[in-house]
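Residue numbers (our numbering), protein chains in the order written: chain S, 1 to 104; chain E, 105 to 327. One structure is given below, encoded as structure tokens.
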């Protein structure tokens with residue numbers, strides 16, 4: 001038998017997957033609806049070339065989740081953008097080897 | 105193309121997300137890729153609003169990494185091979201039996217078991233996205249999610265199967281099952297010769313993930 005493949009190729013794939021499953025468990029969306037939305041995003045992304053099923057797959061997944069969270073007002077785009085920037089700043093300001101935390 | 109040969113082509117998305125690679129006399133932590141920052145942002149916002157519990161996320165990852173995977177499906181297949189009553193139940197109405205085994209849950213609510221025979225080879229795809237029986241097989245491999253597999257296995261299944269090393273003779277039918285948000289399929293591969301008298305645990309070791317998708321066969325005992 002060949003070597004087992006990693007289940008998640010990148011840590012953020014796993015985080016994103018878990019976040020989605022957790023939100024579903026909390027009843028934020030139902031799974032058939034998620035599947036439909038995700039399928040639609042994949043079809044859109046495919047227009048710019050074949051998807052390889054790795055990063056590009058989870059990029060489509062992320063775009064779908066962001067859309068869902070915007071539509072139900074749980075994470076408006078402006079908050080996501082500024083929180084993203086805050087994390088970037090935190091990474092840049094944290095000495096190598098130290099845990100990265102958001103500043104106040 | 106060959107599906108086993110890894111499909112790590114750089115996309116514009118992940119190129120843009122590459123961590124910076126300038127000279128390194130500066131001391132800060134490496135910036136994670138762009139989508140990772142966006143995922144963290146979502147997590148932080150939802151945690152601050154009390155909408156998610158970060159500990160639950162770790163638990164979900166742990167479960168999918170270590171507890172849920174093709175070993176579950178392999179157990180089911182081994183029992184189908186060994187126990188005619190179980191086999192009949194699984195082919196007729198699998199859900200009560202799967203619930204009893206606790207191989208049940210998200211993406212596995214409505215399973216259909218399709219059995220390979222000397223006359224028919226079954227193979228599973230999801231042309232819509234990547235629906236897959238998580239409770240039985242875990243998280244799908246990259247190739248299952250690729251456009252190449254999803255579009256081609258419907259159009260030219262024999263050719264795709266041959267690329268996986270499965271040569272289906274001309275007089276054997278190939279049936280392609282397209283998963284949906286509601287219905288998921290599990291292929292029961294043919295029981296290999298030379299396995300008479302083996303117990304379920306030994307049999308389960310012969311059942312690979314790919315053999316339960318249909319892109320592989322069960323291993324022979326000497327392999």
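Glycine included, each C-beta is placed from N, C-alpha and C at the ideal position. Since the model is a prediction, treat every value here as computed from it, not as a measurement.
Buried versus exposed call for residue i [16 or more other C-beta atoms within 10 Å across all chains shown]
{"i": "residue 305 of chain E", "result": "exposed"}
{"i": "residue 173 of chain E", "result": "buried"}
{"i": "residue 72 of chain S", "result": "exposed"}
{"i": "residue 140 of chain E", "result": "buried"}
{"i": "residue 154 of chain E", "result": "exposed"}
{"i": "residue 288 of chain E", "result": "buried"}
{"i": "residue 27 of chain S", "result": "exposed"}
{"i": "residue 118 of chain S", "result": "With chain S represented from 1 up to 104, any question about residue 118 of chain S goes unanswered, as that position is not in the structure."}
{"i": "residue 189 of chain E", "result": "exposed"}
Test item: CB-CB of residue i and residue j under 7 Å
{"i": "residue 35 of chain S", "j": "residue 64 of chain S", "result": "no"}
{"i": "residue 209 of chain E", "j": "residue 239 of chain E", "result": "yes"}
{"i": "residue 257 of chain E", "j": "residue 229 of chain E", "result": "yes"}
{"i": "residue 293 of chain E", "j": "residue 220 of chain E", "result": "yes"}
{"i": "residue 225 of chain E", "j": "residue 272 of chain E", "result": "yes"}
{"i": "residue 77 of chain S", "j": "residue 68 of chain S", "result": "no"}
{"i": "residue 161 of chain E", "j": "residue 22 of chain S", "result": "yes"}
{"i": "residue 148 of chain E", "j": "residue 100 of chain S", "result": "no"}
Residue i to residue j span [Cα, whole Å]
{"i": "residue 11 of chain S", "j": "residue 150 of chain E", "result": "19 Å"}
{"i": "residue 166 of chain E", "j": "residue 90 of chain S", "result": "27 Å"}
{"i": "residue 250 of chain E", "j": "residue 227 of chain E", "result": "16 Å"}
{"i": "residue 330 of chain E", "j": "residue 246 of chain E", "result": "An answer regarding residue 330 of chain E cannot be provided, because it is not within the stretch 105 to 327 covered by chain E."}
{"i": "residue 60 of chain S", "j": "residue 45 of chain S", "result": "7 Å"}
{"i": "residue 316 of chain E", "j": "residue 218 of chain E", "result": "9 Å"}
{"i": "residue 231 of chain E", "j": "residue 212 of chain E", "result": "17 Å"}
{"i": "residue 8 of chain S", "j": "residue 58 of chain S", "result": "10 Å"}
{"i": "residue 164 of chain E", "j": "residue 18 of chain S", "result": "6 Å"}
{"i": "residue 325 of chain E", "j": "residue 285 of chain E", "result": "36 Å"}
{"i": "residue 93 of chain S", "j": "residue 202 of chain E", "result": "50 Å"}
{"i": "residue 311 of chain E", "j": "residue 322 of chain E", "result": "5 Å"}
{"i": "residue 281 of chain E", "j": "residue 243 of chain E", "result": "18 Å"}
{"i": "residue 222 of chain E", "j": "residue 234 of chain E", "result": "28 Å"}
{"i": "residue 87 of chain S", "j": "residue 51 of chain S", "result": "28 Å"}
Residue i: first and last residue of the uninterrupted alpha helix (DSSP H) it sits in
{"i": "residue 316 of chain E", "result": "313-317"}
{"i": "residue 282 of chain E", "result": "From DSSP, residue 282 of chain E is part of no alpha helix (DSSP H) but of the beta strand (DSSP E) over 277-282."}
{"i": "residue 91 of chain S", "result": "77-93"}
{"i": "residue 199 of chain E", "result": "198-205"}
Residue i - containing beta strand (DSSP E), residue span
{"i": "residue 181 of chain E", "result": "Note, residue 181 of chain E: premise wrong, no beta strand (DSSP E); alpha helix (DSSP H) at 174-186."}
{"i": "residue 225 of chain E", "result": "224-229"}
{"i": "residue 219 of chain E", "result": "215-219"}
{"i": "residue 290 of chain E", "result": "288-292"}
CB contact below 7 Å: residue i versus chain A
{"i": "residue 94 of chain S", "result": "Included in the structure are the protein chains S and E, with no chain A among them."}
Against chain S: residues of the region 160-190 of chain E by CB proximity under 7 Å: 160, 161, 164, 165, 168 and 169
Residues within the region 133-151 of chain E neighbouring chain S, beta-carbon criterion of under 8 Å: 133, 134, 135, 136, 137, 139, 140, 141, 142, 143, 144, 145, 146, 147, 148, 149 and 150
Against chain E: residues of the region 31-51 of chain S by CB proximity under 7 Å: 31, 32, 35, 36, 38, 39, 42, 46, 50 and 51
Contact list for the region 75-91 of chain S against chain E, Cβ threshold 7 Å: 75, 79, 80, 83, 84, 87, 88 and 91
Proximal residues, the region 280-311 of chain E versus chain S, C-beta separation under 7 Å: 285 and 286
Residues in the region 248-274 of chain E having any Cβ partner in chain S nearer than 9 Å: 248, 249, 250, 251, 252, 253, 254 and 255
Within 8 Å of chain S by C-beta, residues of the region 228-246 of chain E in sequence order: 232, 233, 234, 235, 242, 243, 245 and 246
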